[in-house]
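Novice: In terms of the working numbering, the sequence shown opens at residue 1 and continues consecutively. One structure follows; several queries about it will come next.
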Amino acid sequence: MHKNKEKFEMDYSSFKTEISKRRRSATTRELTKIAYSAPKNVISLAEGMPNEETFPFAEISIKLNDGSSFTLDERELGAALQYIPTQGYPPLLQSLREFQRRAHAPPLWESRDIVIVSGSQDGLSKTLEAIIGPGDPLLVHDPFYPGVEVVVSPHKAELIAIPQDEHGVDPEILRETLMKRQLSGKKMPKIMYINATGLNPTGIVIPLERRKEIYRIACEYNFLILDDDPYHFMHFDEVILYRLMKLWGYDGMMSHFMRIRHFYKQRRDAIAALAEKHLSGLADFTLPKGGFFLWIKVRGIKDTWKMMMQRGVTKGVIMAPGAAFMKDSGKPCNAIRASFAKVSYEEMDLAMERLADLIRSELRNNYFINGNSYID
Ligand SMILES: Cc1ncc(COP(=O)(O)O)c(C=O)c1O
């Protein structure tokens, strides 16, 4: 007897803004989707697509670092330059569905789906624009990636910032904040932004148990979790990425990700050692568990904004001032975010040395009264 398959069924409409609820897909875009999946003998005069014969490129060859290569022929290049269904390039979608199934095994995956976006920021913007309307509250962890704030601030959204300890968002405080909010009859948040792996800027990876607890709270208080996870996958042209996935297969992709992880782990260890060498006694940091950044807290300096944005450049070092990642970026913050992704080890060494000099000169030049009040 045929057994009914359980399906993922979730009605998102109650979370959407009024504007988002009124959105309809364009018929022309629907037709592109239909034309793409129609049998070869179907002739489509439906879409306003340019003719591929007018495209100037004949082929593109891609050489990989491991010595292998592949070529995109005219037909594939046509697809790369042509309109494709809004959801993404269909062969890549298929590869990604399979990849997600094997890599993350989401429950009821067969009845869920993927949409390809132009990077993490694009995904964030689209999701938040669909959920956050004028004055709507949004849960975030503090500090957090500032690309979120720039999307929601034009809507005058209310950021509810949940403090973190060394394992990320504190679930106790999250629950308590929501409980108090509910009791006071305030508007409840429909969504929480989380950057659970390699948090930008602190490099925290939220442990599994804590993730589960946050999920339980989300179910209890009925809000969505938007997990911004840009450090697992890379952004390439869709056709090229598809060909790469085909060439490497699942195991090849995974071993590439493992190589990348090892590469950045070595850099993380190097910057931590250099920070220890130069900043000892001047600043504190915890070892990041993921991502590209070292979150440095400077001792005896209340705010690093002008130190980094103005005086740092003249001393030959640029790092991001911590306040840029806080809920209220106008408030003083003694942290600095240093990226260890790109610079050479020599440059890292020099940058840490210059930062140490900069901190010493800030302290020497008495930009502070009583060690904490900023007068510059
Ligand atoms: C947490 C986080 N989200 C989103 C982005 C933006 O990613 P993308 O360049 O893929 O748009 C970044 C980039 O630094 C990030 O750190």
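Glycine included, every Cβ here is placed at the ideal spot set by N, Cα and C.
Span of the beta strand (DSSP E) holding residue 71?
Specialist: That run of the beta strand (DSSP E) goes 69-72.
Novice: State buried or exposed for residue 160, treating a residue as buried only when at least 16 other CB atoms are found within 10 Å of its CB.
Specialist: Residue 160 should be labelled buried.
Novice: For residue 221, verify whether its CB is less than 6 Å away from any heavy atom of ligand 1.
Specialist: For ligand 1, not one heavy atom lies less than 6 Å from the Cβ of residue 221.
Novice: Which residues have a Cβ closer than 5 Å to any heavy atom of ligand 1, listed in chain order?
Specialist: Checking every Cβ against the heavy atoms of ligand 1 under 5 Å gives 119, 120, 121, 145, 195, 200, 228, 230.
Novice: May I ask which residues mark the beginning and end of the beta strand (DSSP E) holding residue 137?
Specialist: Unbroken beta strand (DSSP E) run through residue 137: 137-142.
Novice: Suppose you measure from the CA of residue 341 to the CA of residue 292; what does that come to, to the nearest Å?
Specialist: Rounded to whole angstroms, residue 341 to residue 292 spans 5 Å at the Cα level.
Novice: Determine the direct distance from the alpha carbon of residue 135 to that of residue 86, and round the result to whole angstroms.
Specialist: Each residue's alpha carbon lies about 30 Å from the other.
Novice: Alpha carbon to alpha carbon, how far is residue 266 from residue 287?
Specialist: About 12 Å.
Novice: Using a Cβ-Cβ cutoff of less than 7 Å, which residues in the same chain neighbour residue 377 once the five nearest sequence positions on both sides are dropped?
Specialist: The displayed coordinates of the chain run from 1 to 376. Any statement about residue 377 would go beyond what the structure contains.
Novice: So the candidates are 254, 317, 173, 281; which of them puts its Cα closest to the Cα of residue 352?
Specialist: With distances taken between Cα atoms, residue 352 lies closest to 317.
Novice: Nearest-angstrom Cα distance between residue 52 and residue 223?
Specialist: Going by the C-alpha atoms only, they are around 45 Å apart.
Novice: Do the region 246-261 and the region 326-345 make contact, defined as three or more Cβ pairs closer than 8 Å?
Specialist: No, the region 246-261 does not touch the region 326-345.
Novice: Quick one, are the C-beta atoms of residue 354 and residue 297 less than 7 Å apart?
Specialist: No, Cβ-Cβ distance for residue 354 and residue 297 is not below 7 Å.
Novice: Which class does residue 293 belong to by DSSP, given the choice of helix, strand or coil?
Specialist: Looking at residue 293 - three-state DSSP - the assignment turns out to be strand.
Novice: What is the DSSP secondary structure of residue 236, counted as helix, strand or coil?
Specialist: With a pLDDT of 47 at residue 236, under the threshold of 50, the modelled position of this residue cannot be trusted; read the value that follows with caution. Coil.
Novice: Between the C-alpha atoms of residue 301 and residue 165, what's the straight-line distance to the nearest angstrom?
Specialist: If you take the alpha carbons of residue 301 and residue 165, they lie about 21 Å apart.
Novice: Inspect the CB distances between the region 80-99 and the region 235-254 and report whether three or more fall short of 8 Å.
Specialist: The region 80-99 vs the region 235-254: in contact.
Novice: Whole angstroms are fine: how far does the CA of residue 189 sit from the CA of residue 9?
Specialist: If you take the alpha carbons of residue 9 and residue 189, they lie about 21 Å apart.
Novice: Figure out for me which residue from 343, 363, 279, 285 has the closest Cα to the Cα of residue 311.
Specialist: Closest option to residue 311, Cα to Cα, is 363.
Novice: Tell me the rounded alpha-carbon separation between residue 274 and residue 349.
Specialist: Near 6 Å, if we compare the C-alpha coordinates of residue 349 and residue 274.
Novice: DSSP three-state call for residue 24: helix, strand or coil?
Specialist: Residue 24: coil per DSSP, three-state reduction.
Novice: Between residue 323 and residue 359, what straight-line distance do the alpha-carbon atoms span, to the nearest angstrom?
Specialist: Between residue 323 and residue 359, the C-alpha separation is close to 17 Å.
Novice: Excluding the five sequence neighbours on either side, which residues of its own chain have a C-beta within less than 8 Å of the C-beta of residue 79, listed in chain order?
Specialist: Excluding residues within five positions, the ones whose Cβ falls inside 8 Å are 89, 239.
Novice: Would you kindly report the start and end of the unbroken beta strand (DSSP E) that includes residue 47?
Specialist: Element bounds for residue 47: n/a, residue is neither H nor E.
Novice: Within this structure, are the beta carbons of residue 170 and residue 196 separated by less than 7 Å?
Specialist: Not closer than 7 Å, so no.
Novice: Name, in chain order, the residues that DSSP records as bridge partners for residue 168.
Specialist: Residue 168 is bridged to 165.
Novice: Compute the beta-carbon to beta-carbon distance between residue 131 and residue 285, rounded to the nearest angstrom, for a pair I have assumed lies under 8 Å.
Specialist: That pair is no contact at about 34 Å.
Novice: Quick one: residues in its chain with C-beta nearer than 6 Å to the C-beta of residue 145, no 5 flanking neighbours on either side, listed in chain order?
Specialist: Correct list, in chain order: 195, 200.
Novice: Compute the Euclidean distance between the alpha carbons of residue 217 and residue 210, then round it to the nearest angstrom.
Specialist: Roughly 11 Å separates the two Cα atoms.
Novice: Using only the alpha-carbon positions, how far apart do residue 191 and residue 11 sit?
Specialist: Whole-angstrom Cα-Cα distance: 14 Å.
Novice: Using the rule of at least 16 other Cβ atoms within 10 Å of the residue's Cβ for burial, across every protein chain shown, is residue 43 buried or exposed?
Specialist: So residue 43 counts as exposed.
Novice: Between residue 174 and the rest of its own chain, which residues show a CB-CB distance below 6 Å, the 5 nearest in sequence each way excluded?
Specialist: Contacts found: 162, 217.
Novice: For residue 290 and residue 198, which I take to be in contact (beta-carbon distance under 8 Å), what is that distance rounded to the nearest angstrom?
Specialist: Contact flag correct, Cβ pair sits at about 3 Å.
Novice: On the CB-based measure, 16 or more other CB atoms within 10 Å of its CB, does residue 215 come out buried or exposed?
Specialist: Label assigned to residue 215: exposed.
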